[in-house]
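A quick write-up on the structure given underneath.
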Amino acid sequence: MQHNQMEIQCNRLDRGYHQHQAEYERKALEVLRSGNYILGNELKSFEEKFAEYVGTKYCVGVACGLDSIRIATHLLGVGVGDEVIVSANTYIATILGFTLNGATPVLIEPDQYYNIDTAQIEKRITNKTKAIMAVHLYGQPADMLEIRKIAQKYDLLLLEDCAQAHGAKMNKETVGTFGEVGCFSFYPTKNLGAFGDAGAIVTNSPELYERARCYRNYGSAKQYYFREPGINSRLDELQAGLLSVRLKYLDECNKERMMFAQRYTKYINNGRFLLPEIRKGAEPVWHQYVIRVLGGQRERLQAYLAKRRIHVAIHYPIPPHLSDAYKEISPSKCLLPFTEQLSREVLSLPLYAGMTEEEQFYVIEKLNQFE
Ligand SMILES: *Cc1c(COP(=O)(O)O)cnc(C)c1O
Numbered sequence: 011m012q013h014n015q016m017e018i019q020c021n022r023l024d025r026g027y028h029q030h031q032a033e034y035e036r037k038a039l040e041v042l043r044s045g046n047y048i049l050g051n052e053l054k055s056f057e058e059k060f061a062e063y064v065g066t067k068y069c070v071g072v073a074c075g076l077d078s079i080r081i082a083t084h085l086l087g088v089g090v091g092d093e094v095i096v097s098a099n100t101y102i103a104t105i106l107g108f109t110l111n112g113a114t115p116v117l118i119e120p121d122q123y124y125n126i127d128t129a130q131i132e133k134r135i136t137n138k139t140k141a142i143m144a145v146h147l148y149g150q151p152a153d154m155l156e157i158r159k160i161a162q163k164y165d166l167l168l169l170e171d172c173a174q175a176h177g178a179k180m181n182k183e184t185v186g187t188f189g190e191v192g193c194f195s196f197y198p199t200k201n202l203g204a205f206g207d208a209g210a211i212v213t214n215s216p217e218l219y220e221r222a223r224c225y226r227n228y229g230s231a232k233q234y235y236f237r238e239p240g241i242n243s244r245l246d247e248l249q250a251g252l253l254s255v256r257l258k259y260l261d262e263c264n265k266e267r268m269m270f271a272q273r274y275t276k277y278i279n280n281g282r283f284l285l286p287e288i289r290k291g292a293e294p295v296w297h298q299y300v301i302r303v304l305g306g307q308r309e310r311l312q313a314y315l316a317k318r319r320i321h322v323a324i325h326y327p328i329p330p331h332l333s334d335a336y337k338e339i340s341p342s343k344c345l346l347p348f349t350e351q352l353s354r355e356v357l358s359l360p361l362y363a364g365m366t367e368e369e370q371f372y373v374i375e376k377l378n379q380f381e
């Protein structure tokens, strides 16, 4: 293909599907023909395999990533009057996951790796602090060893939002295993993506496991016997079956993403950009490759790239504390200059399963030619 005809999307979900198309189609037909569509063997089997992959005893499939956080915090008793320490630089769903239960976010600035700056946590701990919610944004693991130390020192619950970091490791430990519970999304764009909405909780606690299994199904331990008031948040058989197929290739897929990231890091040589750094001991899974565009040039760069048919994304243009959804968090309580600066600078480059070398070098060439 000629370069002048090339068009690069920021993401191409069809490419990932085509990598194993026959297997997905076989599994979809198998489930459709089975007559079991909710809470059957496909879910059970996916939950077992995903728990084993992450390295926890249990996994409970739920309807989406937001629900995994909402259910986990609810069942751990995080609610009205409780404060949760969390990175200000995250997707709004992280925070919605516990503010929907009535808990209050305590927003902390990120470090240069885009995740919570652990040096700023201790001074924000009060007698209302109940939990720390760690987020592994863009597939970069947060500083979990330090965070776990703080959680233990102050006897706080530790939860992880792993929605962007399936398989990422910190000091050889897989994210999702550091605290009480790991929360995952399988939204189609995630590293482990379903073909619709899906999510999961992983834990080593048998009590939390049993309660979550009931809670996602109206609180039912046995059909029509309800232990506690629950909700409907189930992962269906079709998605579970397709996720089992995708899980087999997750490591391979993360390796491919790493190759793309290494290529960007090696070949982008334009001083107008800051490229992502890797924390010592971290093995990121490159959900996004996020650069910082310096000197207030992001908009101009986006227009320049669009003219060359390269589409990029911004994760995220408005941090949660400035969102209309959180008007009640008064800006005077939130001095978050670095979070706000990042929201003006960050840019996610095209990166997806099945991206060709030619596509990537076209993006690199245009980035390097930007003046
Ligand atoms: C995607 C995402 C979620 C929410 O997942 P859904 O499945 O869309 O509900 C939560 N946190 C982060 C960091 C995410 O990227």
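Going by this note's numbering, 29 is the number at position 19 of the sequence shown; the sequence numbering is gapless. For each residue, glycine too, the CB sits at the ideal point set by N, CA and C.
In this structure, Gly186 has its CB at a distance of at least 7 Å from all heavy atoms of ligand 1. Short of 7 Å from the beta carbon of Arg282, and not among the five residues preceding or following it, lie these beta carbons of its own chain, in chain order: Val303, Leu304, Gly305, Gln307, Phe380. For His176, the number of other beta carbons within 10 angstroms of its own is at least 16, and it is reported as buried.
By the criterion of a C-beta distance shorter than 8 Å, Leu155 is surrounded in its chain by Met180, Asn181, Gly291, once the five residues flanking it on both sides are discounted. The Cβ atoms of Ile160 and Glu190 lie no closer than 8 Å to each other. Apart from the 5 residues on each side of it in sequence, Tyr299 sits with its Cβ closer than 6 Å to the Cβ of Ala271, Tyr274, Leu359, Leu361 in its chain, given in chain order. Between the C-alpha atoms of Leu260 and Leu49 there is a straight-line separation of about 24 Å.
A Cβ-Cβ contact shorter than 8 Å links Glu119 with Ala98. The beta-carbon separation of Arg267 and Val70, rounded to 27 Å, does not stay under the 8 Å limit for a contact. Taking non-hydrogen atoms of ligand 1 into account, the C-beta of Ala103 is found less than 7 Å away from one of them.
Contact between the region 239-255 and the region 195-208 is present, with at least three C-beta pairs closer than 8 Å. Linking Tyr219 to Glu52 through their CA atoms gives a straight-line distance of about 18 Å. Given a length threshold of 4 residues, each whole run of the alpha helix (DSSP H) inside the region 191-230 is given here in chain order: 216-225. The straight-line gap separating the alpha-carbon atoms of His28 and Ala113 is approximately 42 Å.
Restricting attention to Tyr326, Val295, Asn242, Arg244, the CA atom closest to the CA of Gln351 is found in Tyr326. About 5 Å separates the beta carbons of Leu357 and Val322, which is inside the 8 Å limit, making them a contact pair. Secondary structure at Leu359: strand, using DSSP grouped into helix, strand and coil. For Ser333, the closest C-alpha among the options Leu106, Thr128, Ala173, Val72 is that of Leu106. The three-state reading of DSSP puts Ala316 in helix, counting H, G and I together.
At a cut-off of 7 Å, the beta-carbon of Ala316 does not count as near ligand 1: no heavy atom of the ligand is closer than that. DSSP, read as helix, strand or coil, puts Cys263 in helix.
A heavy atom of ligand 1 is found nearer than 7 Å to the CB of Ala173. Here Ile81 is near Ser243, since their CB atoms are less than 8 Å apart.
The continuous alpha helix (DSSP H) containing Gly75 extends over residues 75-85. With 16 or more other CB atoms across the displayed protein chains lying within 10 angstroms of its CB, Glu293 is buried.
Restricting attention to Gly91, Leu346, Gln122, Ala32, the CA atom closest to the CA of Phe108 is found in Gly91. Using a cutoff of 7 Å, the CB of Thr100 counts as near ligand 1, since one of the ligand's heavy atoms is closer than that. For Thr104, the CB contacts under 7 Å within the same chain, skipping 5 residues up- and downstream, are Ile79, Val96, Met143, Val145, Asp171 in chain order. DSSP, read as helix, strand or coil, puts Glu57 in helix.
The straight-line gap separating the alpha-carbon atoms of Asn125 and Gly89 is approximately 24 Å.
Taken in chain order, the complete alpha helix (DSSP H) segments of 4 or more residues contained in the region 122-179 are 154-163.
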